[in-house]
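Before any comments, here is the structure.
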Amino acid sequence: MSVLMTDIQADIPVPFSGDQLDHGDNIRDPEQLQALLQKTSARAVLFYQGRIGIGAGGRPHRVHPSDLIGHDLMAPGPLFLGMEGERPIFAFSITKPEEFMPEQNFVSLRGIGGNMRPSDLALAGRAKSLFAWHFTDKHCVACGTKTVSRDGGTKQLCTGCGAESFPRVNPVAIMLVTDGDRVLLGRGVGWPEGAMSALAGFVSPGESVEEAAQREVMEEAGIKTKNPRYIFSQPWPFPAQLMMGLMLEAVNTDITVDPKELEDARWFTREEVLAVFEKRGEAFMRLPRQTIAHQLMRQWLNETA
Ligand SMILES: [Zn+2]
10 MSVLMTDIQA DIPVPFSGDQ LDHGDNIRDP EQLQALLQKT SARAVLFYQG
60 RIGIGAGGRP HRVHPSDLIG HDLMAPGPLF LGMEGERPIF AFSITKPEEF
110 MPEQNFVSLR GIGGNMRPSD LALAGRAKSL FAWHFTDKHC VACGTKTVSR
160 DGGTKQLCTG CGAESFPRVN PVAIMLVTDG DRVLLGRGVG WPEGAMSALA
210 GFVSPGESVE EAAQREVMEE AGIKTKNPRY IFSQPWPFPA QLMMGLMLEA
260 VNTDITVDPK ELEDARWFTR EEVLAVFEKR GEAFMRLPRQ TIAHQLMRQW
310 LNETA
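The number in the numbering used here is simply the position in the sequence shown, starting from 1, with 9 added.
If you want it as structure tokens, here you go:
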């Protein structure tokens with residue numbers, strides 16, 4: 010069997026992981042942040058409606074934080090992402106992209122992710138998740154009063170009762186179910202024709218990720234599984250999931266699709282999957298390489314080579 014060049018190598022992180030910044034958790038009080046914003050070396054990346062501004066060379070466009078003065082900004086104002094060596098890095102969410110660059114230069118991380126440097130993608134994903142949190146969670150979960158951003162956007166403080174809240178990450182199990190040299194893939198409701206991926210679902214309270222994986226595969230496809238094996242995880246900033254990849258072995262192979270969850274689920278042979286990855290087969294649509302499902306399939310192809 011042929012072997013693929015692997016994406017999963019020690020020096021190439023899973024997409025959206027591999028952030029190189031020192032998060033600077035001890036330099037986040039207001040005076041320190043003000044000093045960091047004013048450093049000559051400081052830089053800010055720009056977001057508009059969850060999309061990142063891309064500049065020359067396909068890298069995130071950077072400006073000095075002082076260039077933002079006088080422009081309309083979305084709450085919470087500057088996010089402090091951390092230190093790149095001696096250089097403080099911030100992110101701002103702006104409201105008028107054309108004041109900085111053409112609007113089309115602000116691109117979705119879903120679209121461009123596979124073409125970005127791993128460290129840029131990780132930084133951008135983290136900023137996107139933090140902005141999404143501030144956008145949706147504006148009130149204290151304890152008393153309902155408005156919250157304000159603290160610590161450079163990594164914390165919120167209630168202006169009523171003083172409760173602190175922190176950005177939530179939602180764990181999702183994503184599963185590659187195998188039956189010998191076959192793998193189970195499914196298509197979600199409303200997905201484009203030909204799109205197939207690993208099954209996935211949110212972890213419920215009281216569940217291990219292994220239990221969630223087995224429950225989801227049973228619910229969605231009627232397949233009982235054994236030997237769940239954790240492979241790797243991936244931050245997924247749409248808006249703030251932690252995708253936890255597992256491989257499981259099928260006990261039964263007759264698929265019963267839950268039509269509320271899936272439009273289709275089928276077994277594909279290793280040869281069919283390999284042909285898709287090598288762009289000489291079209292059994293299903295090849296997934297973007299920044300997705301964990303792509304990475305899981307690639308891992309399986311390599312393990313079974
Ligand atoms: Zn409160």
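Just so you know, even glycine gets a beta-carbon here, dropped at the ideal spot from N, CA and C.
Because the structure is a prediction, the values reported are computed rather than measured.
Counting only residues of its own chain and dropping the five nearest sequence neighbours on each side, residue 181 has a CB closer than 8 Å to the CB of 209, 210, 211, 212, 245, 250, 251, 252 and 253. Of the candidates 261, 248, 307 and 215, 261 places its Cα closest to the Cα of residue 227. Secondary structure within the stretch 201 to 287: the beta strand (DSSP E) runs of 3 or more consecutive residues, fully enclosed, are 208 to 211, 234 to 245, 250 to 259 and 271 to 278 (chain order). By the 16-neighbour rule on beta-carbons within 10 angstroms, residue 234 is buried. By the beta-carbon neighbour count (other beta carbons within 10 angstroms, threshold 16), residue 34 is exposed. Close CB contacts of residue 94 within its chain, under the 8 Å cut and outside five residues either way in sequence, are absent. The residues 229, in chain order, have a CB closer than 6 Å to that of residue 270 in the same chain once the five nearest residues on each side in sequence are set aside. Here residue 61 is buried, its C-beta having at least 16 other C-beta atoms within 10 Å. Distance check between residue 139 and each of 186, 214 and 165 places 165 closest, using alpha-carbon atoms only. Three or more beta-carbon pairs separated by less than 8 Å link the stretch 296 to 305 to the stretch 24 to 42, which places the two stretches in contact.
In the three-state reduction of the DSSP assignment, residue 87 falls in the coil class, being assigned neither a helical nor a strand state. Within the stretch 99 to 127, complete alpha helix (DSSP H) segments of at least 4 residues are found at 118 to 121, given in chain order. Per DSSP, residue 306 has no beta-bridge partner at all. If you check the CB distance, residue 128 and residue 29 come in under 8 Å.
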